[in-house]
Structures are given as structure tokens and as C-alpha cells.
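Using the numbering used here, the first residue of the sequence shown is number 4, and each one after it goes up by one.
C-beta atoms are modelled at their ideal positions from N, C-alpha and C, and glycine is treated no differently.
A short worksheet on the structure shown next.
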Amino acid sequence: MNTQKLVIRSMRKNIKMYYLYFFAMIISIGLYFIFSTLQNDQTVVEMVQASMNFSTAFQIAGILLILITIVFTMYATNIFIRRRSQEIGLYQLIGLSKAWVARVLILEHMILGLGALLIGVIVGTLLSRLFLLLFMNVLGIEAKFGLTFSSQALLQTIVVFTCLIAVTSLQIIWTVYRSTLLQLFQASHQKDTYVQRPSIVSGILGFTGLSLIACGYYVSTFIATHADALLFLMLIVLASTILGTYLVFHTTISWILYVFRKKQNGNLGLYNSLSVASLIHRMKGHANSLTLITILSAMTITMISLSYSLYYSTEKDVRLSMPFDFAVENMSEEAAVIANKLEDAQVDFNQYQVNAIRFHGSWVDENQHSKPSHRNRTFLLFSAEQMVQFGVDLEHPQGDEAIYHSSRARIEGMQISSPKQVQYASNNKTNLLTVSKHKLQNVMNYIFYGDQLLVSEDTFNRMKDSIQEDEYKEFVTFDVFNIVDTEQSATASDIFLADVDSDLYLTDFYSAYEGSRQTFGLLIFIAGFLGLVFILSTGSILYFKQMTEAEQEKEHYRTLRQLGFQVDDIMKGIIRKQLFVYLIPLVIGLTHAAFALNVGSILIAASMLTPILISMAAYILIYLIFTVVTIQYYKGIVANSL
4 MNTQKLVIRS MRKNIKMYYL YFFAMIISIG LYFIFSTLQN DQTVVEMVQA
54 SMNFSTAFQI AGILLILITI VFTMYATNIF IRRRSQEIGL YQLIGLSKAW
104 VARVLILEHM ILGLGALLIG VIVGTLLSRL FLLLFMNVLG IEAKFGLTFS
154 SQALLQTIVV FTCLIAVTSL QIIWTVYRST LLQLFQASHQ KDTYVQRPSI
204 VSGILGFTGL SLIACGYYVS TFIATHADAL LFLMLIVLAS TILGTYLVFH
254 TTISWILYVF RKKQNGNLGL YNSLSVASLI HRMKGHANSL TLITILSAMT
304 ITMISLSYSL YYSTEKDVRL SMPFDFAVEN MSEEAAVIAN KLEDAQVDFN
354 QYQVNAIRFH GSWVDENQHS KPSHRNRTFL LFSAEQMVQF GVDLEHPQGD
404 EAIYHSSRAR IEGMQISSPK QVQYASNNKT NLLTVSKHKL QNVMNYIFYG
454 DQLLVSEDTF NRMKDSIQED EYKEFVTFDV FNIVDTEQSA TASDIFLADV
504 DSDLYLTDFY SAYEGSRQTF GLLIFIAGFL GLVFILSTGS ILYFKQMTEA
554 EQEKEHYRTL RQLGFQVDDI MKGIIRKQLF VYLIPLVIGL THAAFALNVG
604 SILIAASMLT PILISMAAYI LIYLIFTVVT IQYYKGIVAN SL
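See the structure below:
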């Protein structure tokens, strides 16, 4: 039998091992081809050239896709080589050289890879228009295009595929040459060493794992209020969470299962024997992979949920920072020109004039009047009655107090956690304004300079007369516009931007919204791409490991079947085990993600609950599909064990 026939026969024999690996490679190559097609699409190219952020995002995402694919393929290749270790040892035992064995394995992977490349490119070509439509829809861009084939995308995919084959070939050569015959024949039977009675050190390590995770969660709550130490706090959170997760899988869970078995006095029964006992012996070996899967799951859920939340709440967030569609400051002539042009274009709008006072002052704590916390800050003072008259939904301040309004108060660390005061130069004894609370929304569009304070009409008039002229006091008139019909927002935006000096860096609600929508649309699209590859990679890794365990335990299932146990009886214990293996890292990952998203919520004023629930539900669903596939594979092994 020549080498070619042996390779074909070997692949046909091991088809059950390869089918999901082959499918995952097709998906990975197909996704990368689609991503490359998007990168080389003319509309996307123009966007990338116009924005440095878009260009950087695409480059980083492309590199991450390549790294994820390579790491996943190397991990899967290692599992397959281990499963075929006896076959490799047998080849060497009958006198075949290691070079010949390595060549055969590399040839198998090349054939498999070429098949995945061909199918992946075909699938990517067919789906590229769908993804391009989705991409344009997310960004809110209208464009017409047909089914196109990108030769540049094909070239990029072939280059990535070549690198993938080169890396896995080196891995195969390294494994074949460094393994002895004894190691090859025992590789599929290697099991974790098991300590019969956990020592006090194991108990301490188990408790330490939980404590480190709790510590990471606790420290994460300080990130929002200590932005100056952001990097240091994030390093502490990451280090304690990752190390704690590893200890939980390496020690804590095994110790808990041991305590459970001890309380049963060794009478576990069939179901627990097939689940608890197996997990006790294998959890140490699972520690590395389950830790990796948990951290990747947490990162994926956080990345997708946060990007979706940013996109989902874009309109509301922009509206909180820009309550008016557009506004100008002390530009009555320009405002009149804009109003005339809007009328000529038959755009329905409402126009108002808002009076405000801009003055210098400083934030002080209520009990530290002599120690201002922020000197020489600029404030904008508005009348609540006037703003309500113009249709802005605001809470009315009580008495002589003020409300601080800023849609970025959390990010800037300017929350009014307790009553504070604003100190200013006054013509009379009253030179303090009490600020009772803060609101995460602006009174006036954010583009105008000054911390925005809302007071009653009486307080506004009193301060208008009392603030000293020689310090800094400016009476400001804002001409503000609101468009009645949102369908005319684009036309109104063009008129506004054409009639204001570009050097003033003025912008309007529609432009800000479209810019944010495109930025966050790109973010969620890339996050979805990377998230899908993460899910496929982590789910496949777990599946491959369970496939290996199923093959190793096949003799045990044959013995149980010979003793008279039915397939359904054995499967009940296996199902418990699979739910544990899949759900434990998923639950811990979801918990990690929940605390990470709690920190990320400082970036978003709007609610994140809906996008987070949708993202988590989608992730859980895909993971459950992998669980079902794994259980079905086990069922086939048990059914055919006799």
C-alpha cells in the first residue's frame, strides 16, 4: 500500500474525529474570507480612508481573527495527535521512520485544510453579500452592490491558510520527533493523579481561589470612582480573577466533589459514579482548558454586550448630551439665515432663544469652603422655568439649590455624591450656590463650554446681579432649533453645517448621531465576528476533549452494558457530567462578564439590560447546542460499546 492510499484510508477511518474539526475550519476560513471581502469592498475602503479609527479597528480585528484561528487549530491538532498516538507508535514499531510518519500526518492535514479552504471560500462568497448588507444596515448606509468575488480577499485568505498549515506542520513534526514509543502507546491512557484525601493545603488553595475571585469583583467596583488608578486597578482585577478561576477549577471544585462523595460514604450509585467520580479524577487536567474557556467566555460576552449596548443606546445617549438638534451661541444673524434657509427648504422646525450666564467659580465641599476642589472652572447657569418652556424635560431644583447637568458626569468623575457648593466672586455676602444632585443629561448641547447648572428663575435673576463683573461674567444667548419631522433631519443638518464657520467646530444632533452610529456599528460588527469565532473555538475545544474522554471510557461503558445496564441508564449519568463540564465555565464566565459590564456601564448613561440579556441568551444558546452535540456523541459511543 503506497502513502497516498494509506492517507486516504486513514482519513476515511478517522472521519468521526475530523468532522467537527473540519466544520470549524470551514467556518473560520469562511468568516475570515468574508471579513477580508468587507475590508476590500469599495464602500468600506472609502470609509476606512476617511477615518483612522475604522482603519485601526479593521486591522486589529483581522490580526485577532488570525491569532484565534491559529491557536484553536493548534489546540485541536494536539488533541487529534494524542488520540492517534497508538497508530503513530505502531507505524514506528513496524520500522517506519519518524520522518515518514510526520509526512503522512502533514499530508492529511494539508488535504483536510485544502478542502476546508475551498468550501470556506465558496461559503464565504455566497454569504459575503449578506454580511455586507448587514454591515451597511448596522452603520445606516444605503448602497447598492451585487454578488462580487474579491481576488484580494482570496489572496489574503490563502496567505493566512499557508501560515496555518506551516504552524500545524511544525507542531506535528515537533510532537512526532520528541515522543518515545512508550509515551505514544500510553498517551491515550494518561489520567490525572488523584489525591485520596485532600490535605489542608488543598482546602486553603480552594478557599483562596474563591477569595481571589471575590477580591477581583470587589476591586472592580472602585474602577468607576478612581479613574486616575485605572490601569493599576484593572491589572489587580485581571490577575486575581484569572488566578482565582484557575484555582477554582484546579482545586476548589475537586475538593467540593470529594466532600460530597465522602458524605455519601462511597455509595454514589450509577449516576454519580459516571459524573462525580469522573470529574474528581479529571478536573485537574481540565483546569487549564476550563480556565481559558471561562476567561474567553467572559471576554466574549463582555465585548459583545458592551458594543451592543453602545449601539443600542446611541440615539438616547446622543440626545442626553444634545437636547437640541442644533444651536449657536451669540450668533443671531447666522441663526436668522439658518431659519430662512430651513423655511425655504420646507423643513418644519421650532426655534427658541435661551439666556444663560457664563462665569468663573470653583467646586467646594459643603464643609470645606476654604478649600476649593477645582479652581478656575467655568460654569453655565440656566433657568429651569425657561428650559421647561422650550420643551426640555427637566427636574425643577428646590429653593435656592442647583442641579448639576452633565451626560459625562460619571466618566469625568464629577458625580455629586453628597451636596456640594459652587463658590464664585459676589457683590454681596452670598457667594455660594448649593448643588444638591446631578443628572446624567445636559441642559444645553455639550459643544458649549462650561459646567451646566440649572436653577430656578428667582435664583437665576439674583445671581445675574450678584456675580462680580471684574471676575468673569458673560451673558450668553443661545439660538436653538428642534426639527419637527425626523425625516428632514439630514436636510436640516446640511443647511446648518453649511452656514456656520467650520473653525468653530460646531456640530448638530443628526451628525453626532450618525457618527456615533457608524462607530458603534463597526464596533458591534467586529465584536460579533470575533465573538462568533471565540464561541466556535471554545465550544469546539470542549467538544474535542469530551470526544477523547468518551473514547477512553468506552471499555467502562462496555462493561456496564455487559452487566445489564441500559443505554438510557448510563446516559443519565453522562448528561449530568456534560452539564457540569459545559455549564460551570459558562456560569463563571457569565458572572465575570456581569461584573466587567458593571464597570463598563460608566460609559453609557442609558440602560444596558436589554442588550446584555440578548447577548447572554445568544451565547448560552450556542453553548447548549455544543452540549447537545456532545451528549449525542456520547450516546453513540455507549450504544455501540457492545
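- Measuring C-alpha to C-alpha distances from S312 to each of A530, S540 and I82 identifies A530 as the nearest.
- In this structure V124 is in contact with L157, their Cβ atoms being roughly 6 Å apart against a cut-off of 8 Å.
- A residue is called buried once 16 or more other Cβ atoms fall within 10 Å of its Cβ, and Y35 is buried on that count.
- Nearest in C-alpha terms to L299, of all of V204, G534 and Q581, is G534.
- Excluding its 5 nearest sequence neighbours in each direction, A301 has C-beta neighbours in its own chain below 7 Å: G592, H595, A596 and A599, listed in chain order.
- For L627, the closest of L586, N643 and V641 by C-alpha to C-alpha distance is L586.
- Shown here, T480 sits in a strand according to DSSP, grouped into three states.
- Here DSSP, grouped into helix, strand and coil, assigns I360 to strand.
- Classified as buried, D511 has 16 or more neighbouring CB atoms from the shown chains inside 10 Å of its CB.
- Judged by DSSP in its simplified three-state form, K440 adopts strand.
- Between the segment 488-501 and the segment 380-396, the count of C-beta pairs closer than 8 Å stays below three; the two stretches do not touch.
- As a beta-bridge residue in DSSP terms, Q426 pairs with S365 and L435.
- Exposed is the label assigned to H399, since fewer than 16 other Cβ atoms lie within 10 Å of its Cβ.
- Taking the CA atoms as reference points, D368 sits about 46 Å from F61.
- V395 has its alpha-carbon roughly 27 Å from the corresponding atom of D347.
- In the DSSP assignment, V204 falls within the alpha helix (DSSP H) that extends over I203 to S223.
- Partner residues in the beta bridge of Y355, as assigned by DSSP, are V483.
- If you draw a 10 Å sphere on the C-beta of A338, you find 16 or more other C-beta atoms in it, and that means buried.
- R361 is not a Cβ neighbour of V458, given a cutoff of 7 Å.
- Annotated three-state conformation of T494 is helix, per DSSP.
- In the DSSP annotation of this structure, the continuous segment of the alpha helix (DSSP H) that includes Q565 starts and ends at K557 to Q565.
- For F329, the secondary structure class from DSSP, reduced to helix, strand or coil, is strand.
- With 16 or more other Cβ atoms inside 10 Å of its own Cβ, K548 counts as buried.
- If the five residues before and after P614 are omitted, its C-beta is found closer than 7 Å to the C-beta atoms of S308, Y311, S312 and Y315, all from its own chain and listed in chain order.
- Close CB contacts of M306 within its chain, under the 8 Å cut and outside five residues either way in sequence, are with A530, L533 and G534 (chain order).
- Buried is the label assigned to N485, since at least 16 other Cβ atoms lie within 10 Å of its Cβ.
- Exclusion of the five residues before and after F463 leaves L384 and S386 as the residues of its chain whose Cβ lies within less than 7 Å of its Cβ.
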